[in-house]
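So the structure is just underneath, and the comments pick up after that.
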Amino acid sequence: MYRQASRLLIRALGGGRPVGRAFSTDAPAVPVEDSTFVEAWKKVAPNLEPPKTPLSFMKPRPPTPSSIPSKLTVNFVLPYQSEISNKEVDMIIVPATTGQMGVLPGHVATIAELKPGVLSVHDGNEVTKYFVSSGFAFIHANSITDVVAVEAVPVDHIDPSLVQKGLADFTQKLSSAATDLEKAEAQIGVDVHSALNAALSG
Amino acid sequence: MAMAAFRREGRRFLLSPISHKPSTVARSAILSEEFHPSGTRSISTQVVRNRMKSVRNIQKITKAMKMVAASKLRAVQVRTENSRGLWQPFTALLGDVPSVDVKKNVIVTITSDKGLCGGINSTSVKISKSLYKFTSGPEKETKYVVLGEKGKVQLVRDSKNSIEMTITELQKNPLNYTQVSVLADDILKNVEYDALRIIFNKFHSVVSFIPTVSTILSPEVVERESESGGKLGDLDSYEIEGSETKAEVLQNLAEFQFSCVLFNAALENACSELGARMSAMDSSSRNAGEMLDRLTLTYNRTRQASITTELIEIISGASALTG
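The listed protein sequences derive, respectively, from chains A and B.
So for the first sequence, our numbering puts the first residue at 736; every next one is plus one.
So for the second sequence, our numbering puts the first residue at 2; every next one is plus one.
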């Protein structure tokens, strides 16, 4: 009777899932490879294994659903960490170069370049605000949004006094700048600090 | 008294070949031989002892190097896994077409500066050379940009003219995004490209490193591919949000993609280098341990043999006097 118990238990769990350990890279079970590349590689270097491509390390994205989904899936990545990965939210507002852009589920596919500003993530009643330096936002047709930024800080970590000081510094540098490069750098500094200022107040 | 004289005789015999010329002291230290009454020779214990001392030192050094690599690996691994999300949005948007057919290819090979890290640099270089053959053809030109001393040394040997830029001492300061983006900017300014292929070793686990190639297309090629359909076909369906033209946005996108992918690739390669160094030093210390065991046996045998010969001399001397 006890011998059958384990078998019955596995059947109850759902047909006996394969017991395996996931790889540290979280690769999908079926490696997606570019077959034309592998074929052409074999002709050039038959004895060498073809190198893998990033596609084989990524989970395939879901296709565009026919109806508008209710939630937006957000991935917010920075070079040092993935702030938000695969979180389902109601809406996000990204600071695109043309101004604050709201993204709802079912938004048309867009590539947006970001300027320094506030990114806010709305999930139900909670709103999380980050100040992003700049980057890109990709909104895909299947309601997945990727935001790639270089630097981002939660708005409550910003020190107002340092912002004022930085703004004053850069405005002064802008007026005293000689070469075009210095002018451009000072202008960038002024832009970022004024955006920081706006983020703190708004 | 006579036994002492006999013993001194034996030792004088031993010392005489050594004390002749000081210049040969070194040579005879390596090959000092004892001439036994029976005519057989054996290596002196001093030689074996010296060899054991040096092997023991090597074992200590390689063990220490393994510990250092392990501790550095822990730190870099955390940063690498955090940066893994960085290239995924770009691949999700633009797909990955390593078999794209373009005129100007640039192969960016990422290798390490320091050695003693197993075979990862050789694998990267082998794949770069195969990729060079893969992308070469009539009207096509392929160039190398090498990051890291080890790759430069290997590629300079036969492809010196195809190397456009080499960058060394990448890891003098811990890798950070600013440094890599400046480097990416540098490369993009100096090199004309239609497609950039970055070759690095992706860190899969401490004992397994997967050579990987990431392809980045220039904005013009992206336009061309999206117009012709195929993998990038649905790029056209994306609206461009911004006051700039599509070409400018694509240009910025390509540059940003390159710096992000290069950052991740450099981190992964650093991780793989440390992991490979760990396993290389581990097998080295294990080999040194085995060698030490064998040498200890030889040492004991030699020691016992010399004691036995000394005893034989004494006893035969004594029996010659009495018997």
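Where is the CB? At the ideal position from N, CA and C, for every residue including glycine.
- Taking a Cβ-Cβ threshold of 8 Å, none of the residues of chain B is close to PRO798 (chain A); the smallest such distance is about 11 Å.
- The beta carbons of GLU142 (chain B) and ASN191 (chain B) sit no closer together than 9 Å.
- For the segment 236-259 of chain B, the beta-carbon criterion of a distance under 7 Å to any beta-carbon of chain A is satisfied by SER238, TYR239, GLU240, ILE241, GLU242, GLY243, SER244, VAL250, ASN253, LEU254, PHE257.
- The alpha carbon of TYR815 (chain A) has as its nearest neighbour, out of B:ILE59, B:VAL262, B:SER307, the alpha carbon of B:VAL262.
- With a cutoff of 9 Å on beta-carbon distance, ALA930 (chain A) and PRO851 (chain A) are scored as near each other.
- Only those residues of the segment 836-849 of chain A whose C-beta falls short of 7 Å from the nearest C-beta of chain B are listed: MET836, VAL843, ALA844, THR845, ILE846, ALA847, GLU848.
- Under the DSSP assignment, ALA76 (chain B) falls in the alpha helix (DSSP H) whose first and last residues are 46-84.
- Within the same chain, Cβ atoms closer than 6 Å to the Cβ of LYS247 (chain B) are found at ILE241, the five residues on either side in sequence being excluded.
- In this structure, DSSP gives HIS892 (chain A) a helical state, which the three-state scheme calls helix.
- Within chain A, the C-beta atoms nearer than 9 Å to that of LYS127 (chain B) come from ALA780, LEU783, in chain order.
- Contact annotation: in the segment 806-830 of chain A, residues whose CB is within less than 8 Å of a CB in chain B are ASN810, VAL812, LEU813, PRO814, TYR815, GLN816, SER817, SER820.
- The shortest C-alpha to C-alpha distance from ALA847 (chain A) to any of B:THR303, B:MET53, B:LYS104, B:LEU251 is the one to B:LEU251.
- Going by beta carbons, ASN202 (chain B) and THR216 (chain B) fall outside the 9 Å limit.
- Chain B places a beta carbon closer than 9 Å to that of VAL882 (chain A), counting this residue as a contact.
- Membership of PHE264 (chain B) in the alpha helix (DSSP H) is indicated by the continuous run 247-323.
- Comparing C-alpha distances from THR110 (chain B) to each of B:ALA93, B:ARG75, B:LEU197 shows the shortest one belongs to B:LEU197.
- Inclusion of HIS842 (chain A) and LEU807 (chain A) in the CB contact set at 9 Å is warranted, their separation being smaller than that value.
- The beta carbons of MET826 (chain A) and GLY834 (chain A) sit about 16 Å from each other, so the pair does not count as a contact at 8 Å.
- For VAL107 (chain B), the enclosing beta strand (DSSP E) stretches over residues 105-111.
- With fewer than 16 other Cβ atoms inside 10 Å of its own Cβ, ILE313 (chain B) counts as exposed.
- With 16 or more other CB atoms across the displayed protein chains lying within 10 angstroms of its CB, VAL49 (chain B) is buried.
- In this structure, the CA atom of MET292 (chain B) is about 33 Å from the CA atom of ALA76 (chain B).
- Going by C-alpha positions, THR299 (chain B) is about 24 Å away from LYS64 (chain B).
- Distance from the CA of GLU784 (chain A) to the CA of THR880 (chain A), rounded to the nearest whole angstrom, comes to 35 Å.
- Here the alpha carbons of THR81 (chain B) and CYS272 (chain B) stand approximately 8 Å from one another.
- Using a CB distance cut-off of 9 Å, LYS908 (chain A) does not count as an interface residue toward chain B.
- Residue-level contact check: THR914 (chain A) does not touch chain B, since none of the beta carbons of chain B fall below 9 Å from its beta carbon.
- If you look at LYS864 (chain A), you'll find it in the beta strand (DSSP E) that goes 861-867.
- Proximity of ASN122 (chain B) to chain A, defined by a Cβ-Cβ separation below 9 Å, is not satisfied.
- Around the beta carbon of ASN810 (chain A), 16 or more other beta carbons lie within 10 angstroms, which makes this residue buried.
- Per DSSP, the beta bridge partners of MET836 (chain A) are A:VAL829.
- Residues of the same chain with a CB within less than 6 Å of the CB of TYR865 (chain A), apart from the 5 flanking positions on each side, are LEU854, ALA887, PRO889 in chain order.
- Of all residues in the segment 88-99 of chain B, the ones placed with a Cβ closer than 8 Å to any Cβ belonging to chain A are TRP88, GLN89, PRO90, PHE91, THR92, ALA93, LEU94, GLY96, ASP97, VAL98, PRO99, in chain order.
- Taking 9 Å as the threshold, the shortest C-beta distance from LEU902 (chain A) to chain B does not fall below it.
- Residue contact with chain A for ARG75 (chain B): absent (no Cβ-Cβ distance below 9 Å to any residue of chain A).
- The beta carbons of GLU228 (chain B) and LEU218 (chain B) sit about 13 Å from each other, so the pair does not count as a contact at 8 Å.
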